[in-house]
Structure formats: C-alpha cells, structure tokens
Amino acid sequence: MSTYEKIHGRSIQAVTTDPSETVAEGQVWYNTSSDTFKSVVGLEAWRSSAPYPRQADHTAGSGTQTAALSCSDNIPSPSAEITSTFEYNGSGWSAGGSMNTERGDGTNNMTGSQTASFYVGGRPNAGPPTPFGSTATEEYDGSSWTSGGAYPAGMRGTNAFGTLTAGVNAGGNSSSPSVSSNVNNEYNGTSWTSGNNNTLGRFNCSSSGTSTAGILVAGFSNPPPVINSVTEEYDGSSWTSGGSLPEARNGLGGSGTQTANIVFGGASPPGTKTTTTSKYDGTSWTTSPATLATGREKFGSAKGASQTSTLAWCGNTPTDVTEEYDSSANVFTAAAWSSGGSMNTARGGVNGTSGDKSAGATFGGQVPGGRSNATELYDGSSWTNGTNTPAARRTYLVTGTQTASLLCGGQPPTPTANGDAETFEFDGSSFTDTGNINNARDNAAGAGTQTAGLAIGGRTRPGTTFVPNNNVEEYDGSSWTTATALPAANASSTSATGPQTAAIFGLANPAYVASYDGTNWTTISATQAMPNSYTGTGVAGTDSSNAYLGGGEEPGGTRHGFTQKYDGTSWATQPSFATARNSFGYSGTSPAQLICGGQADPGYTANTEEFSVETTALNVKTLTQS
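Encoded structure:
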C-alpha cells in the first residue's frame, strides 16, 4: 500500500496554524491546535469585477485577465459602432487610443496582447448600401491604432487567433443574405497570405491558441442556419476535428491553448443566453461547475488568457458587467460595496461628510419639509445622533475627521437666501464658531484638514438667481485667505478630497475635474470619469494621485452608482454603489470608503454603504475521519 509521502513526495507536517499562502492543491497537514487533518481543495468560480465604462455588446477582446484589451463595441443608444478602446488592468477599465475606423460585429475579430493586437474586418458603421464587411486591418501598440495590411475580402464575424506578427483569421460572415465562410488567412504583422481552409464555414466562434496550435469552437453556420458544437484544431498548415462541445453555442467567449482550452457563455438553441463554462483537454470537453452570473452572447473575452484564469465583459443584450474566472486553490472575494448601518434620518444634500467607514460623521442636509441640523456619527456598524449643528443647512462644506471636522457655508432654510459664511470646528462632541469665510456660498467642496482646509467653488445668490462661483479659500485653523481661483466656475453640487497641497476637485454640468498643488490648479480630463454632465457627484481618496469619484444624476433624472479611480494619470472603473444616488456623503480612502444618504429613487435615503477590496484566501477544508 502506498503512502501519502510516496504519492506526494512530502510527509504530513504538524503545524499550530493553517498556512496562509498558496500551497499545492491536495497538500495535507495536521493542525495540532484543532487536532484535525486539513487540506487545500481546488475551486472554480466566476466573480464580479469593475463594470465596463458603458453598456455595450459585440465587443472584441484580446489579452489576459490582468491586461485585457477591448474595442469595436456596439452601444444601444444610439445604436452604433464606435471607435473607443478600453484597457483592463486586473481591477478596472481605463480609456485607450481610439480606432481609426468605426465597425462592429467583431466579437472574435481581434487577437494578441494588450500592447500588440490586430483587429480585422467587421461591419462598417455607415448604413446601407455600404460593403457588407470591411477589409481593414488595424494594429494596436498599447496606446494607438495604425493601419495594417488589407484583408483579401470584406468579412465580419471572423475568428482570429495567434499574435500580431503570427496571426490567423478563419471563417466569418461574407455576404447578405448571410453566408458563412471557411476561408483561412495568415498575418505576419504586415500582410495577409492564404492558408488552408477549415472544414466548416462559420462565424461568431470561440477562437484562441497560436498560429501553429489554434482552436475554433462552436459558432453559427449558414446556409442552412445552424448553431454548432464542432471543434476544429489547426497545426499551422491543416485542420483536424476535435471533440464536440456538449452544448451547441453561438457568440461564445474563450481562451487558453489547443490542449487546455475554456469556453463560456454564448447563445444555445433556440437562442437562450447561457451561463455555462466548459473545459477542453485536447481530446474532450467537460462542463465546469463554475457558471457566469450573467448569461450573454457576442461579448468580449480575454482570448489570450489561460484555461485557469480568464475574463468576460459586456454582451447582448447590452450590459456593462465584467466577470473574472479562476481555477485555483484560492477563494476570491470580489471588491464591492456592501450595506452598512442605516442613518437615523434619511436626507439629501449631505455632501458634508468626514472621516471614513470606521469613524465617520455627517452634518445637516435636506429632509422632507426643510433643512436639517442633525449630526450623526458612524462607528463602523451603526449611526448615533450627535450634537446638532448650530444652524440647519444643506450642502455644508465639510472636511476632516470624525473628531476634527471643519464645516462652513451651506444653504440656510430660506430658499431664496444666499449661502452662508459661518465656519465651525467639530471635535466629535461640540461645535466652535471660528468666524466667517470671506465669500458666503453653498454647494461648495471641502478638502484638507481642520487646520489646513480648502473651500472650493460653489454658488452664491446675491439676487433671485444662483451665480456660479470659482472662488477658492484656504483655512489655517483660525481664518480664511483667498487662494488661486478655479479655472471654471460651478453652480452644481460638488465634492473634493486630499490635503491642502494635493487636492482633487470634481464637479459636473459640465463635467470637470481639477487638481491643486497648494498654488495652482490643473485641469484633468474627465471624459471617461463623467461621460455625461452629472450633478451631485462625490469624491473621496487620499490626494490628487489616488482619488475616487462616484454617483451623480444626469440631465433627465437618471441617477448613477458608478465609481471610478484616478491614479494621477488616468481614470479606471471601480465597483458600483448598490444604490444609485446623488447629493450624498462620500469620504474615506480605499479600503475605508463610506457613502451615506443622498437622493435616490424614490426619494431621500438613509442607506449607508462601505467599500471592501478584493481578498484572497486558501480554500482550506477539514478532513473527516470515520
């Protein structure tokens, strides 16, 4: 009889605590503290990640789980293909260089890496009677697209695999009425040459692998119209049949190699969007216990990823959902916003929040019937009522911590009144009036600390209408002095974060973000952060190189729960709030971010959410004895 040591090459170790870092699946140890044998068990699972910057379908994908590339997506309103490119860094999406030509129907038209991919064919976005398919090839270098060699024939729904300089494009949809192609061409980074045709004409397949070890899976053939389960393998010169997929599918995603492949999602007859994941060993397919949370077809996938770690995003019907897959001995818990203790009083107009999710504070706000003077303190699980503010106001400027907050301005109870000028310091239990700010205002943004604060923008009402304000003032713990004004005035609810010498300010209507170095303001591109003119957004974070912007209301009344992170150079998507809202409190830094209150559907909310970063832990199981 064999022993564990003979099988695994190691003896069973006795330890007082379970290992916390990755160990080999199946490794066994004896925990002397619990008097139990334990082991690590492999786990397959999909988990949510930061959403795509917009709802889209027919996205083309390449790269890996931690470095993916997406382009050529179709947006539902207006229905059009666009040239935008987005890059995924393992936690969120950021904008890349734009394509030169608008086109769609290109879910599997791209292959390569995030810094070296090509996209070929697709549907031109000019409407009839344009060519059915494009012949254009474009190459991406990690920042910009350039034209490559023209494809021999106009084609859409093609199936590319390999690399930028050693790629293959097989099949596609060549005409209207739809006719599926089995033509195979090879790309060397400059031009296309003919290869041997594959057996079955089809499009919208999963296509992955290398130019000498590629794989096509499932897809659609016409005529006659049929969704396939066929697998074909390419060795660089000829095609051979592989094992059939258990379930016929169209518009599915996939990644991996010819002998270790994975496919997921797609549409199964009679058109049901599936969540199924299947794995291939070079001979046969097996169904994985892991299923996508969102059934989808014609979506982006990191086709350069592996069988054990991949990525899926968007899909038809248009969605922004991104999901990551892992097969490992680890349990992954996705970064997410989760419910905290509800406030005692539902309210909006509470951009006045200080501290973080372990020790937060919020002041005043708007309640049904008027302004509030309520103060509430958060301890990481629940809110308690604190000392009321000296005056009932909404949209206080607030910054600092729970026990060292700075408040000023705000809108008094009289709707026609100008914003206020009073300044208060809060020590966690009581308020001290420290004098007036030089320019009375409401809807201003606050940053810095109680002894080194900033008052940014806002609005005044000297008469019957509000006047946008670009005034900036600095606080030294006793008085306010005028600082360099914002490049643009603002009349919308605003927010800011960071110290006095490295603050970042975000506003909307129009979308606008700027950073402050203690002397001057620098405008930051807000195109991706706020694609529409949102009001009542929130800003949190440490400084101008580590900031988070979220929520808001766009014209027409639609509220959002998006969040995006700024790293000093670019914006990347982050997990969205569970409750979309505007004019809410937002403070703290990752992973201690806190949001509370605001205006949500159908009205003011007391809802609180806390942010948690992604965590990883060994999937440890206790072995039982009979």
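If you use the working numbering, the sequence shown corresponds to residues 491 to 1116, in order. Cβ atoms here follow ideal geometry from the backbone N, Cα and C, with glycine treated the same way. The structure displayed is predicted, hence computed values, not measured ones.
Which residues in the same chain as residue i place their Cβ atom closer than 8 Å to its Cβ, once the five residues preceding and following it in sequence are excluded?
| i | result |
| --- | --- |
| S637 | N590, A626, T627, E628 and E629 |
| E1104 | S581, F822, T823, A824 and A825 |
| S919 | G876 and T877 |
| T507 | N521 and S523 |
| V943 | Residue 943 is actually Gly in this sequence, not Val. Taken in chain order, the residues that qualify are T889, G890, L896, G936, A937, E964, Y965 and Q990. |
| L1113 | V518, T526, F527, K528 and S529 |
In whole angstroms, what separates the C-alpha of residue i from that of residue j?
| i | j | result |
| --- | --- | --- |
| G679 | D631 | 12 Å |
| F527 | E515 | 15 Å |
| T1009 | Q1054 | 26 Å |
| Y965 | Q545 | 43 Å |
| S1060 | Y1038 | 12 Å |
| R739 | S796 | 21 Å |
| E963 | Y641 | 60 Å |
| G1026 | S818 | 42 Å |
| A1001 | F754 | 38 Å |
| G1117 | K793 | With the chain covering only 491 through 1116, there is no way to say anything about residue 1117. |
| G733 | T773 | 6 Å |
| M833 | A1062 | 30 Å |
| G709 | E534 | 25 Å |
| T812 | W827 | 16 Å |
| A656 | S607 | 11 Å |
| N961 | G1058 | 24 Å |
According to DSSP, residue i sits in a beta bridge with which residue or residues?
| i | result |
| --- | --- |
| V888 | L897 |
| G602 | S607 |
| H548 | None, per the DSSP bridge assignment. |
| D846 | A849 |
| A945 | G936 and E963 |
| M645 | S624 |
| P754 | The residue you asked about is not Pro; residue 754 is Phe in the sequence shown. For F754, which the question treats as bridged, DSSP gives the partners G743 and T767. |
| G662 | S671 |
| K1055 | Y1038 and A1062 |
| V821 | A1107 |
| A557 | T554 |
| P779 | Per DSSP, none; premise fails for P779. |
| T987 | I994 |
| I1014 | V1003 |
| F1067 | For F1067, which the question treats as bridged, DSSP gives no partner whatsoever. |
Under 6 Å Cβ to Cβ from residue i, same chain only, skipping five residues before and after it: list those, please.
| i | result |
| --- | --- |
| A703 | Q748 |
| E1078 | Going by the sequence as given, residue 1078 is Gly instead of Glu. D846, K847, A1030 and L1084. |
| Y724 | G704 |
| S666 | F622 |
| Q503 | W519 |
| T1069 | A1090 and N1097 |
Hey, residue i and residue j are a contact pair by Cβ (cut 8 Å); roughly how many whole angstroms apart?
| i | j | result |
| --- | --- | --- |
| G839 | Q856 | 4 Å |
| D481 | K788 | Nothing can be reported for residue 481: it is not among the residues displayed for the chain, which extend from 491 to 1116. |
| A935 | S872 | The Cβ separation is near 28 Å, so there is no contact. |
| L782 | T767 | 7 Å |
| G612 | S624 | 5 Å |
| G741 | G756 | 5 Å |
| N1126 | N674 | Since the first residue of the chain shown is 491 and the last is 1116, residue 1126 is not available in this structure. |
Can you tell me whether DSSP reads residue i as helix, strand or coil?
| i | result |
| --- | --- |
| E737 | coil |
| E495 | helix |
| V513 | coil |
| T879 | coil |
| F995 | strand |
| I927 | coil |
| Q1089 | strand |
| I565 | strand |
| L976 | coil |
| F1101 | strand |
| G732 | coil |
| D869 | coil |
| F914 | strand |
| Y815 | strand |
| V531 | coil |
| S1077 | strand |
| N579 | coil |
| F710 | strand |
| P518 | Just to set this straight, residue 518 is Val in the shown sequence, not Pro. Here V518 sits in strand by DSSP. |
Sorry if obvious, but does the Cβ on residue i come closer than 6 Å to a heavy atom of the ligand ZN?
| i | result |
| --- | --- |
| S895 | Among the ligands in the structure shown, none appear at all, so the ligand ZN cannot be discussed. |
Within the same chain, show all residues whose beta-carbon is closer than 7 Å to that of residue i, passing over the 5 residues directly before and after it, in chain order.
| i | result |
| --- | --- |
| P977 | A1004, W1011 and T1013 |
| A1082 | D846, K847 and S848 |
| T991 | D1007 and G1008 |
| G925 | T913 and S969 |
| Q555 | G580, A792, A795, S799, T800, L801 and E814 |
| G691 | G661, S670, S671, N672 and S711 |
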